Amino acid sequence: MSSQGTARAARIQAETTAAVQRADQRRTARRTAYADVIEQAQKMGDLYWKVNDAHADPDPESRTATLKDLRLRLRDAYATLRHLVRVVELEGPQEAAAAADRLRRSTSDNYQALEDMIGGEADAIQRFNECYAPFWERVVALVAIAREVLQEGAVPAPVPAPRARRPWARHRPGAGG
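Every letter in the sequence shown is one number past the one before it in this note's numbering, and letter 90, counting from 1, is 93.
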């Protein structure tokens, strides 16, 4: 192989290695972003369960105090979720960003129902509980989209096909010429 061919092969190998590394870095960044949103949604889901427990407290003063504490905790959890969703929007792709944003938006009805529980509305707990299923469906949808995106990203980058050899580029001894 000529030095020109060796240099070209080395360049192709370097480009391929760099492309694989970039794809791996993008996949890792996306995986981290998706996992962070899903983990934060799980934390919010745990707080939603605690709202139900607090609502069952027979002492009205204790119930209201606990619900107010949970409201603050959910507000802080939402702020974190909002930030993490922005990271997913940055990392992409659009399909995952849209799913993460739908998840974020699905929390507003829960929060409003919690506010209404604190305000003493009788049907607020029922509305709160009805909000959980749509919220969790958004979590499951994000997991499915994230899995699909990450599996697509796990496919190795294609290796460029070598160019056709030019017959005049190299003289072979004994080839008649």
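We treat Cβ as the ideally placed atom computed from N, Cα and C, and that holds for glycine. Just so we're clear, the structure is a prediction, and the values are computed from it rather than from any experiment.
Spatial neighbours of residue i within its chain, please: C-beta separation below 6 Å, excluding the five flanking residues on both sides.
i      : result
Met47  : Ala80
Gly123 : none
Ala147 : none
Can you grab the Cα-Cα spacing for the pair residue i / residue j, in whole Å?
i      : j      : result
Glu98  : Arg108 : 15 Å
Ala38  : Arg74  : 24 Å
Gln43  : Tyr114 : 16 Å
Tyr51  : Gln45  : 10 Å
Pro96  : Thr67  : 42 Å
Leu84  : Gln28  : 23 Å
Asp49  : Arg25  : 36 Å
Val143 : Asp72  : 28 Å
Val158 : Glu151 : Reliability of the predicted coordinates at Val158 is poor, the pLDDT of 48 falling under 50, and no value is obtained from them.
Ala100 : Ala149 : 10 Å
Thr31  : Pro63  : 48 Å
Cys134 : Ala125 : 16 Å
Ala10  : Ser111 : 59 Å
His86  : Ala136 : 23 Å
Measuring CB to CB, does residue i end up less than 8 Å from residue j?
i      : j      : result
Val40  : Leu93  : no
Val90  : Asp104 : no
Phe138 : Val54  : no
Ala82  : Leu145 : no
Excluding sequence positions up to five away, which residues of its chain have a Cβ less than 7 Å from the Cβ of residue i?
i      : result
Met120 : His58, Leu70, Ala127, Ile128, Phe131
Since residue i and residue j are thought to touch, with beta carbons under 8 Å apart, how far apart are those beta carbons, to the nearest angstrom?
i      : j     : result
Leu153 : Arg33 : 7 Å
Just to confirm my understanding: we take residue i, look at its own chain, exclude 5 residues before and 5 after, and list those with CB closer than 8 Å. What are they?
i      : result
Leu117 : Val54, Leu70, Leu73, Arg74, Leu77, Ala127, Phe131
Asp60  : Arg66, Thr69
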